[in-house]
Every structure is written in C-alpha cells, then in structure tokens.
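Structure first, commentary second.
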Amino acid sequence: MNAADRERLRQQLEQLKHELVSAGDEAIEPNRADGSTRTDEDAQPLNEMNQVIASRRNRMRAGSLQQIEAALVRLHHEPEEFGLCLECEEEIPIKRLELMPYAEYCVQCQGKRDEARGGRRSNLRDYVE
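The sequence shown: position 45 = 55 (the numbering used here), numbered continuously.
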C-alpha cells in the first residue's frame, strides 16, 4: 500500500468518525412518557422492542467508533504496518479496506475468528436445495 492509499483511507476513517459522532446516540424512550402509573398493555411490547433496538444501535455505534479510533492510531503510529492482517501479516486487499477501512484481518483470518466465536458467515450455497 502506498502513501496515497493510506491518506485516502485516513480521510475515509476521519469522515466515518465524524458521521458517527455527529449522529450521536439514539434516544431510549421511557416506558411511560406521560408520567402516569397506568400502562398501556398494547403499547408496552412495542416500546420495549424500540428500547432494545435503540440500545443495540448505540452499542454497535460505540463499537464502530472504537474500531475507527484503533485504525487511526495504527495508521498514525505504524503507517507502514497499516493494512497488514494482524494474524497472518499478509496485506489486506485494498478493496476490503475501501469498504471497511478499520479492518484488522484479511477475509480468511476474519473467517477463522468468526468460527472460533461460534458465528458463521452465510454462504450462497446455504440456500440452494
């Protein structure tokens, strides 16, 4: 990866960071907005679901910000090492970095890490009968 690629990725990371920080956290609405002690049994499940969704989005946003910050630190402190897989130390393809400039692992190593955590990426062949 050359200096121009690193600069382009740095700008992309800064832009992503700015967008996430500007958007801020999603508000988690209380169960009773009117302050009464009566509950609307029909509205309660929807409200709880909205709270869970907002909470998950806020956690994902915070996680993304951490990944972006870590990538910016790597880029600043070890620019020649940026873009190398932290596992196998092979160069991460530029297309992957353009889509996810905060990627720490190549596709193969990321797949191994996902399997180790019990997750599995969907494959097109999973849906063929």
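Note that beta-carbon positions come from the ideal geometry of N, C-alpha and C, so glycine has one too.
- Rounded to the nearest angstrom, the gap between the Cα atoms of Q76 and I63 is 20 Å.
- For L75, the enclosing alpha helix (DSSP H) has its first and last residue at A53 to H87.
- Judged by DSSP in its simplified three-state form, L19 adopts helix.
- Contact between the stretch 111-127 and the stretch 54-68 is absent: fewer than three C-beta pairs spanning the two stretches fall below 8 Å.
- One Cα belongs to L26, the other to I78, and the distance between them is close to 8 Å.
- For A37, the CB contacts under 8 Å within the same chain, skipping 5 residues up- and downstream, are A64 in chain order.
- Shown here, L94 sits in a strand according to DSSP, grouped into three states.
- Rounded to the nearest angstrom, the gap between the Cα atoms of A80 and G73 is 11 Å.
- Between M11 and E101, the CB-CB gap stays under 8 Å.
- Remark: C-beta atoms of N68 and E39 do not approach each other more closely than 8 Å.
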